[in-house]
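Enquirer: Would you mind keeping the following structure in view while I ask a few things?
Residue numbers (this note's numbering): 4 to 264.
Here it is as structure tokens:
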């Protein structure tokens with residue numbers, strides 16, 4: 004599936020979801036002396052491989068550039084100072100080493116899983132829940148149920164429904180899942196700097212993903228390994244009883260008696 008770009012808006016091809024907070028908004032605390040925190044937001048990270056995801060990289064780059072050009076047309080973008088971009092080359096872009104540090108490091112050095120990739124940070128305000136749908140086992144597109152964040156503890160039916168909805172979300176919406184995502188770039192300029200942001204619009208969960216951090220079974224057990232497994236089972240588990248050695252008598256209780264002195 005090829006991506007589609009329309010000015011500042013992008014609909015990706017099939018992508019693998021990265022770290023996310025889509026069930027409910029999340030607030031990140033800044034680990035500084037003030038212990039301040041940002042406003043809660045929905046967020047999602049996408050990583051595009053430089054070799055395998057070239058169409059998505061091109062489409063996303065064009066949309067981000069369109070957002071920058073809108074600022075340029077208003078005289079609100081300064082090419083001489085750079086900017087904080089939502090879509091960036093992880094092998095080139097520098098970020099703070101930590102929330103409390105001013106030292107800058109290459110993004111892929113801080114997060115090795117982004118080596119050889121472009122990184123895109125998507126967000127949505129707490130009052131603007133992204134539309135999330137999924138394709139069921141019959142190929143029908145269905146809405147993900149709206150979460151019940153704070154069920155009434157005295158209402159057993161409501162608690163059960165809240166648990167059921169959370170279980171469905173956990174089973175379908177996770178880092179490593181396959182999906183198609185749409186988003187829109189905007190440019191911004193303040194007295195502190197300039198940059199772009201990307202707002203989550205829609206997410207269609209396709210299924211068939213592997214949770215991030217887990218290695219697919221097929222990677223550990225290829226055809227050769229499975230042949231070796233079957234050979235071992237036949238020789239050690241399914242062999243005829245005549246080939247099984249006689250059991251050794253267990254020692255009696257007196258074998259473990261404490262010697263008398």
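No residue lacks a Cβ here, since even glycine has one placed at the ideal position from N, Cα and C.
All values derive from a computational prediction rather than experimental measurement.
Using alpha carbons as the reference points, say which of 190, 134 and 214 lies closest to residue 79.
Expert: The residue given as residue 79 occupies position 76 in the chain shown. Residue 79 has its Cα closest to that of 190, out of 190, 134 and 214.
Enquirer: Which one of 194, 202, 215 and 220 has the shortest CA to CA distance from residue 84?
Expert: Here the question's residue 84 lines up with position 81 in the chain shown. The candidate whose alpha carbon is nearest that of residue 84 is 194.
Enquirer: Kindly indicate which three-state DSSP category residue 220 falls into: helix, strand or coil?
Expert: Locating residue 220 in the chain shown gives position 217, where the first residue counts as 1. In the structure shown, residue 220 sits in a helix (DSSP, three-state: H, G or I).
Enquirer: The alpha helix (DSSP H) spanning residue 22 covers which residue range?
Expert: Here residue 22 refers to the residue found at position 19 when the chain shown is read from its first residue. Per DSSP, residue 22 belongs to no alpha helix (DSSP H); it is in the beta strand (DSSP E), 18 to 29.
Enquirer: Does DSSP put residue 80 in a helix, a strand or coil?
Expert: Looking up residue 80 in the chain shown gives position 77. Coil.
Enquirer: Count the CB pairs spanning the segment 175 to 184 and the segment 14 to 34 that are closer than 8 Å, and state whether there are at least three.
Expert: yes
Enquirer: Keeping to the same chain, check which residues put their C-beta closer than 6 Å to that of residue 205; ignore five residues upstream and five downstream.
Expert: Mapped onto the chain shown, residue 205 falls at position 202. Excluding residues within five positions, the ones whose Cβ falls inside 6 Å are 134 and 185.
Enquirer: For the beta strand (DSSP E) containing residue 119, name the first residue and the last one.
Expert: The sequence position of residue 119 within the chain shown is 116, counting from 1. It is not in any beta strand (DSSP E) - residue 119 carries neither H nor E in the DSSP assignment.
Enquirer: To which residues does DSSP link residue 208 through a beta bridge?
Expert: Here residue 208 corresponds to residue number 205 of the chain shown, with the count starting at 1. 137 and 182.
Enquirer: Return the CA-CA distance between residue 176 and residue 31, expressed in angstroms with no decimal places.
Expert: Translated into the one-based positions of the chain shown, residue 176 becomes position 173. Translated into the one-based positions of the chain shown, residue 31 becomes position 28. C-alpha separation (whole angstroms): 20 Å.
Enquirer: Under 8 Å by Cβ, that's how I've got residue 44 and residue 99 pegged, so tell me the actual separation to the nearest angstrom.
Expert: In the chain shown, residue 44 corresponds to position 41, counting from 1. In the chain shown, residue 99 corresponds to position 96, counting from 1. Not quite, the Cβ-Cβ distance comes to about 19 Å (not below 8 Å), so this is no contact.
Enquirer: Determine the extent of the alpha helix (DSSP H) in which residue 170 is found, giving its start and end residues.
Expert: As a working note, residue 170 is residue 167 in the chain shown. Note, residue 170: alpha helix (DSSP H), 159 to 175.
Enquirer: CA-CA distance, residue 58 and residue 171?
Expert: Along the chain shown, one-based indexing puts residue 58 at 55. Along the chain shown, one-based indexing puts residue 171 at 168. Here the C-alpha atom of residue 58 lies approximately 31 Å from the C-alpha atom of residue 171.
Enquirer: Locate the alpha helix (DSSP H) running through residue 53, then write down its first and last residues.
Expert: By 1-based counting over the chain shown, the position of residue 53 is 50. Here residue 53 belongs to no alpha helix (DSSP H), and DSSP marks it neither H nor E.
Enquirer: Residue 11 and residue 187 - do their beta-carbons sit closer together than 8 Å?
Expert: Here residue 187 refers to the residue found at position 184 of the chain shown. Here residue 11 refers to the residue found at position 8 of the chain shown. Yes, the pair counts as a contact, with Cβ atoms nearer than the cut-off.
Enquirer: In the DSSP assignment, find the alpha helix (DSSP H) that holds residue 2 and state where it starts and stops.
Expert: Residue coverage of the chain in this structure runs from 4 to 264, which leaves residue 2 outside it and unanswerable.
Enquirer: Mark residue 241 as exposed unless 16 or more other C-beta atoms lie within 10 angstroms of its C-beta, in which case mark it buried.
Expert: For the purposes of this step, residue 241 is taken as residue 238 along the chain shown, with counting starting at 1. When all chains shown are included, residue 241 counts as exposed.
Enquirer: Where does residue 127 sit, in a helix, a strand or coil, going by DSSP?
Expert: Position 124 of the chain shown, counting from 1, holds the residue named residue 127. Note: residue 127 maps to strand in three-state DSSP.
Enquirer: Opposite residue 145 in the DSSP bridges: which residues?
Expert: To locate residue 145, count along the chain shown from 1; it is residue 142. Answer is 137, bridged to residue 145.
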